[in-house]
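Chemist: Mind having a look at this structure? Questions to follow.
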Amino acid sequence: MGQKVNPHGLRVGVIKDWDSKWYANKANFADLLIEDNKIRKYVKNKLYTSGIARTVIERAANNKVKVNIFTAKPGMVIGRAGAGVEELRTELEKLTQKSVIVNVNEVKRAEKEAQLVAENVAFSLERRVSFRRAMKQGIQRTMKAGVEGIKIMTSGRLGGAEMARNEKYSEGNVPLHTLRADIDYGFAEANTTYGKVGVKVWINKGEILPETSEAVKEMRRANRAKEEFKPKKEKKAYQQRRDNRSYQDRD
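Residue numbers (our numbering): 716 to 966.
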(Lines of atoms letter the chains of each structure in order from A; the text may use other names.)
(Lines give C-alpha, C1' and ligand atoms only; values in the text may rest on other atoms or scores of the structure.)
Protein backbone atom coordinates (compact mmCIF):
# COMPACT_ATOMS: atom_id res chain seq x y z
CA MET A 716 0.00 0.00 0.00
CA GLY A 717 2.63 2.55 1.09
CA GLN A 718 4.74 1.69 -1.98
CA LYS A 719 2.01 2.60 -4.50
CA VAL A 720 0.04 5.53 -3.09
CA ASN A 721 1.13 9.18 -3.05
CA PRO A 722 2.84 9.68 0.36
CA HIS A 723 1.24 13.11 0.89
CA GLY A 724 -2.31 11.88 0.21
CA LEU A 725 -1.84 8.89 2.52
CA ARG A 726 -0.86 11.18 5.44
CA VAL A 727 -3.50 13.91 5.02
CA GLY A 728 -5.36 14.26 8.32
CA VAL A 729 -2.63 12.34 10.17
CA ILE A 730 0.47 14.57 9.96
CA LYS A 731 -0.14 16.55 6.74
CA ASP A 732 -2.73 19.13 5.68
CA TRP A 733 -4.60 19.75 2.40
CA ASP A 734 -3.06 21.95 -0.32
CA SER A 735 -6.56 23.34 -1.04
CA LYS A 736 -8.18 24.90 2.04
CA TRP A 737 -11.82 25.75 1.36
CA TYR A 738 -15.36 24.42 1.67
CA ALA A 739 -18.01 24.28 -1.08
CA ASN A 740 -21.40 22.69 -1.70
CA LYS A 741 -21.85 19.82 -4.16
CA ALA A 742 -22.95 22.12 -6.99
CA ASN A 743 -19.71 24.18 -6.93
CA PHE A 744 -17.15 21.68 -5.65
CA ALA A 745 -16.05 20.19 -9.01
CA ASP A 746 -15.72 23.60 -10.70
CA LEU A 747 -13.57 24.98 -7.85
CA LEU A 748 -11.37 21.87 -7.86
CA ILE A 749 -10.76 22.21 -11.62
CA GLU A 750 -10.01 25.92 -11.08
CA ASP A 751 -7.41 25.02 -8.40
CA ASN A 752 -5.76 22.63 -10.86
CA LYS A 753 -5.64 25.35 -13.55
CA ILE A 754 -4.07 27.83 -11.08
CA ARG A 755 -1.39 25.32 -10.01
CA LYS A 756 -0.52 24.40 -13.62
CA TYR A 757 -0.33 28.05 -14.66
CA VAL A 758 1.90 29.02 -11.70
CA LYS A 759 4.16 25.99 -12.26
CA ASN A 760 4.60 26.62 -16.01
CA LYS A 761 5.16 30.37 -15.65
CA LEU A 762 7.58 30.14 -12.70
CA TYR A 763 9.24 26.76 -13.39
CA THR A 764 12.79 28.16 -13.15
CA SER A 765 11.97 29.86 -9.81
CA GLY A 766 11.87 26.53 -7.93
CA ILE A 767 8.20 26.23 -6.91
CA ALA A 768 7.94 23.60 -4.16
CA ARG A 769 4.13 23.76 -3.75
CA THR A 770 1.11 26.04 -4.15
CA VAL A 771 -1.51 26.23 -1.37
CA ILE A 772 -4.88 27.73 -2.34
CA GLU A 773 -7.37 29.24 0.13
CA ARG A 774 -10.83 30.60 -0.66
CA ALA A 775 -13.03 33.00 1.32
CA ALA A 776 -16.82 33.33 1.25
CA ASN A 777 -16.55 36.72 -0.51
CA ASN A 778 -15.27 35.03 -3.72
CA LYS A 779 -11.61 35.88 -3.01
CA VAL A 780 -8.83 33.43 -3.89
CA LYS A 781 -5.59 33.42 -1.87
CA VAL A 782 -2.64 31.76 -3.64
CA ASN A 783 0.31 30.92 -1.35
CA ILE A 784 3.44 30.12 -3.39
CA PHE A 785 6.36 28.34 -1.66
CA THR A 786 9.55 28.97 -3.65
CA ALA A 787 13.32 28.60 -3.28
CA LYS A 788 13.90 31.86 -5.23
CA PRO A 789 11.37 34.45 -3.96
CA GLY A 790 13.26 37.32 -5.65
CA MET A 791 12.57 35.84 -9.10
CA VAL A 792 8.84 35.52 -8.34
CA ILE A 793 8.43 38.98 -6.76
CA GLY A 794 10.46 40.80 -9.44
CA ARG A 795 11.73 44.38 -9.30
CA ALA A 796 9.60 46.44 -6.88
CA GLY A 797 6.95 43.68 -6.86
CA ALA A 798 6.30 43.85 -10.62
CA GLY A 799 6.44 40.05 -10.99
CA VAL A 800 3.80 39.39 -8.31
CA GLU A 801 1.53 42.12 -9.69
CA GLU A 802 1.74 40.66 -13.21
CA LEU A 803 1.02 37.15 -11.88
CA ARG A 804 -1.96 38.42 -9.86
CA THR A 805 -3.45 40.17 -12.92
CA GLU A 806 -3.06 37.03 -15.07
CA LEU A 807 -4.63 34.80 -12.39
CA GLU A 808 -7.58 37.20 -12.08
CA LYS A 809 -8.11 36.93 -15.85
CA LEU A 810 -7.92 33.12 -15.59
CA THR A 811 -10.37 32.79 -12.67
CA GLN A 812 -12.52 35.93 -13.12
CA LYS A 813 -12.18 36.44 -9.34
CA SER A 814 -10.24 38.66 -6.94
CA VAL A 815 -6.82 37.06 -6.28
CA ILE A 816 -4.26 37.64 -3.51
CA VAL A 817 -0.74 36.25 -4.11
CA ASN A 818 1.55 35.48 -1.15
CA VAL A 819 5.17 34.46 -1.76
CA ASN A 820 6.85 32.31 0.93
CA GLU A 821 10.54 31.38 0.91
CA VAL A 822 11.64 27.75 1.22
CA LYS A 823 14.67 27.90 3.54
CA ARG A 824 16.31 24.59 2.56
CA ALA A 825 15.66 23.65 -1.08
CA GLU A 826 17.71 20.43 -0.59
CA LYS A 827 14.99 19.12 1.77
CA GLU A 828 12.10 19.66 -0.70
CA ALA A 829 11.45 16.52 -2.78
CA GLN A 830 9.84 18.45 -5.66
CA LEU A 831 12.84 20.76 -6.00
CA VAL A 832 15.32 17.85 -5.79
CA ALA A 833 13.38 16.00 -8.55
CA GLU A 834 13.38 19.11 -10.77
CA ASN A 835 17.12 19.59 -10.16
CA VAL A 836 17.87 15.99 -11.23
CA ALA A 837 15.62 16.41 -14.30
CA PHE A 838 17.45 19.64 -15.23
CA SER A 839 20.81 17.81 -14.95
CA LEU A 840 19.53 15.04 -17.27
CA GLU A 841 18.46 17.67 -19.84
CA ARG A 842 22.04 19.06 -19.75
CA ARG A 843 23.28 15.55 -20.72
CA VAL A 844 24.72 14.73 -17.28
CA SER A 845 24.93 10.96 -16.65
CA PHE A 846 21.75 9.80 -14.86
CA ARG A 847 23.77 7.93 -12.20
CA ARG A 848 25.88 11.00 -11.47
CA ALA A 849 22.80 13.27 -11.34
CA MET A 850 21.03 10.92 -8.89
CA LYS A 851 24.06 10.47 -6.63
CA GLN A 852 24.74 14.22 -6.50
CA GLY A 853 21.09 14.83 -5.53
CA ILE A 854 21.34 12.21 -2.76
CA GLN A 855 24.60 13.66 -1.37
CA ARG A 856 23.25 17.23 -1.23
CA THR A 857 20.02 16.14 0.46
CA MET A 858 21.74 13.94 3.06
CA LYS A 859 24.10 16.83 3.92
CA ALA A 860 21.01 18.96 4.66
CA GLY A 861 20.25 16.62 7.57
CA VAL A 862 17.37 14.36 6.51
CA GLU A 863 16.74 10.77 7.69
CA GLY A 864 16.80 9.24 4.21
CA ILE A 865 16.18 9.70 0.48
CA LYS A 866 15.22 7.52 -2.48
CA ILE A 867 15.45 8.61 -6.14
CA MET A 868 14.07 6.66 -9.10
CA THR A 869 14.50 7.54 -12.78
CA SER A 870 12.63 5.77 -15.58
CA GLY A 871 12.85 6.01 -19.37
CA ARG A 872 15.52 5.55 -22.04
CA LEU A 873 18.36 6.04 -19.58
CA GLY A 874 21.70 6.85 -21.22
CA GLY A 875 20.02 6.61 -24.66
CA ALA A 876 19.34 2.87 -24.28
CA GLU A 877 17.03 1.27 -26.84
CA MET A 878 14.78 -0.22 -24.16
CA ALA A 879 13.30 1.89 -21.35
CA ARG A 880 13.98 0.85 -17.75
CA ASN A 881 14.06 2.26 -14.19
CA GLU A 882 16.96 2.68 -11.81
CA LYS A 883 16.79 3.45 -8.08
CA TYR A 884 19.33 4.81 -5.64
CA SER A 885 18.66 5.34 -1.96
CA GLU A 886 20.44 6.26 1.24
CA GLY A 887 19.22 6.20 4.84
CA ASN A 888 15.75 5.12 5.95
CA VAL A 889 12.57 5.82 3.91
CA PRO A 890 9.61 4.01 5.60
CA LEU A 891 6.71 4.63 3.17
CA HIS A 892 4.15 2.71 5.24
CA THR A 893 4.87 4.44 8.59
CA LEU A 894 2.21 7.16 8.79
CA ARG A 895 4.03 9.18 11.47
CA ALA A 896 7.11 9.45 9.19
CA ASP A 897 7.18 12.82 7.40
CA ILE A 898 7.73 11.62 3.82
CA ASP A 899 7.96 14.31 1.14
CA TYR A 900 7.35 13.24 -2.48
CA GLY A 901 8.21 14.98 -5.74
CA PHE A 902 7.96 14.17 -9.45
CA ALA A 903 9.52 15.84 -12.50
CA GLU A 904 10.07 15.04 -16.17
CA ALA A 905 13.22 15.62 -18.21
CA ASN A 906 12.85 16.21 -21.96
CA THR A 907 16.00 14.55 -23.33
CA THR A 908 16.99 13.95 -26.97
CA TYR A 909 15.90 10.29 -26.52
CA GLY A 910 12.48 11.14 -25.09
CA LYS A 911 10.98 11.86 -21.69
CA VAL A 912 12.66 10.60 -18.49
CA GLY A 913 10.61 10.57 -15.28
CA VAL A 914 12.22 11.40 -11.93
CA LYS A 915 10.59 10.46 -8.60
CA VAL A 916 12.00 11.50 -5.21
CA TRP A 917 11.02 10.42 -1.69
CA ILE A 918 12.59 12.23 1.30
CA ASN A 919 12.18 11.18 4.94
CA LYS A 920 12.37 14.30 7.15
CA GLY A 921 11.92 12.36 10.42
CA GLU A 922 8.97 11.29 12.54
CA ILE A 923 6.12 13.55 13.68
CA LEU A 924 3.86 12.52 16.55
CA PRO A 925 0.19 12.90 15.45
CA GLU A 926 -0.59 15.01 18.56
CA THR A 927 1.88 17.69 17.46
CA SER A 928 0.99 17.81 13.74
CA GLU A 929 -0.68 20.89 12.27
CA ALA A 930 -3.44 18.83 10.63
CA VAL A 931 -4.56 17.38 13.98
CA LYS A 932 -4.30 20.78 15.72
CA GLU A 933 -6.50 22.30 12.98
CA MET A 934 -9.15 19.59 13.45
CA ARG A 935 -9.15 20.12 17.23
CA ARG A 936 -9.55 23.89 16.78
CA ALA A 937 -12.52 23.28 14.47
CA ASN A 938 -14.12 20.91 17.02
CA ARG A 939 -13.66 23.48 19.81
CA ALA A 940 -15.27 26.15 17.63
CA LYS A 941 -18.27 23.84 17.04
CA GLU A 942 -18.63 23.31 20.80
CA GLU A 943 -18.73 27.07 21.43
CA PHE A 944 -21.72 27.49 19.11
CA LYS A 945 -23.74 24.67 20.71
CA PRO A 946 -26.81 25.66 22.80
CA LYS A 947 -26.30 25.68 26.59
CA LYS A 948 -28.41 22.52 27.14
CA GLU A 949 -26.32 20.53 24.65
CA LYS A 950 -23.10 21.87 26.22
CA LYS A 951 -24.26 20.82 29.68
CA ALA A 952 -25.23 17.31 28.48
CA TYR A 953 -21.88 16.94 26.68
CA GLN A 954 -19.96 18.04 29.81
CA GLN A 955 -21.96 15.58 31.93
CA ARG A 956 -21.12 12.70 29.56
CA ARG A 957 -17.43 13.64 29.72
CA ASP A 958 -17.50 13.74 33.53
CA ASN A 959 -19.21 10.32 33.64
CA ARG A 960 -16.57 8.81 31.35
CA SER A 961 -13.69 10.21 33.40
CA TYR A 962 -15.35 8.94 36.62
CA GLN A 963 -15.72 5.43 35.11
CA ASP A 964 -12.07 5.47 34.00
CA ARG A 965 -10.98 6.20 37.59
CA ASP A 966 -12.99 3.19 38.80
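We put the CB at the ideal spot given by N, CA and C, even for glycine.
How far does the alpha helix (DSSP H) with V836 in it extend, from its first residue to its last?
Modeler: Residue 836 sits at position 121 when you count from the first residue of the sequence shown. V836 -> alpha helix (DSSP H) spans 829-841.
Chemist: Comparing alpha-carbon positions, which option in T869, M858, E863 lies nearest A849?
Modeler: Locating residue 849 in the sequence shown gives position 134, counting from the first residue. Per the Cα distances, T869.
Chemist: Going by other Cβ atoms of all chains shown within 10 Å of its Cβ, with 16 needed for buried, is I749 buried or exposed?
Modeler: Here residue 749 corresponds to residue number 34 of the sequence shown, with the count starting at 1. Label assigned to I749: exposed.
Chemist: Measuring alpha carbon to alpha carbon, tell me which of R795, R769, E904 ends up nearest D732.
Modeler: In the sequence shown, counting from the first residue as 1, residue 732 sits at position 17. The shortest Cα separation from D732 among R795, R769, E904 belongs to R769.
Chemist: Where does I784 fall in DSSP's three states?
Modeler: What you label residue 784 is simply residue 69 of the sequence shown in a count that begins at 1. Note: I784 maps to strand in three-state DSSP.
Chemist: When the Cα atoms are used, what is the spatial distance from K719 to L725?
Modeler: To locate residue 719, count along the sequence shown from 1; it is residue 4. To locate residue 725, count along the sequence shown from 1; it is residue 10. Between K719 and L725, the C-alpha separation is close to 10 Å.
Chemist: Quick check: the Cα distance between V792 and L803, rounded to an integer number of angstroms?
Modeler: Residue 792 sits at position 77 when you count from the first residue of the sequence shown. Residue 803 sits at position 88 when you count from the first residue of the sequence shown. Their backbone Cα atoms lie some 9 Å apart in a straight line.
Chemist: With distance defined between alpha-carbon atoms, name the residue in G874, Q830, A776, N783 nearest to T908.
Modeler: Locating residue 908 in the sequence shown gives position 193, counting from the first residue. Per the Cα distances, G874.
Chemist: Residues in the same chain with beta-carbon distance under 8 Å from A829, minus the five sequence neighbours each way, listed in chain order, please.
Modeler: In the sequence shown, residue 829 corresponds to position 114, counting from 1. Answer for A829: D899, Y900, G901, V916, W917, I918, listed in chain order.
Chemist: Could you work out which residue in V800, E877, V912 is closest to I867 when comparing CA atoms only?
Modeler: Here the question's residue 867 lines up with position 152 in the sequence shown. I867 has its Cα closest to that of V912, out of V800, E877, V912.
Chemist: Should the stretch 837-847 be regarded as contacting the stretch 800-819, the criterion being three or more beta carbon pairs within less than 8 Å?
Modeler: In short, these stretches do not touch, since the Cβ pair count stays below three.
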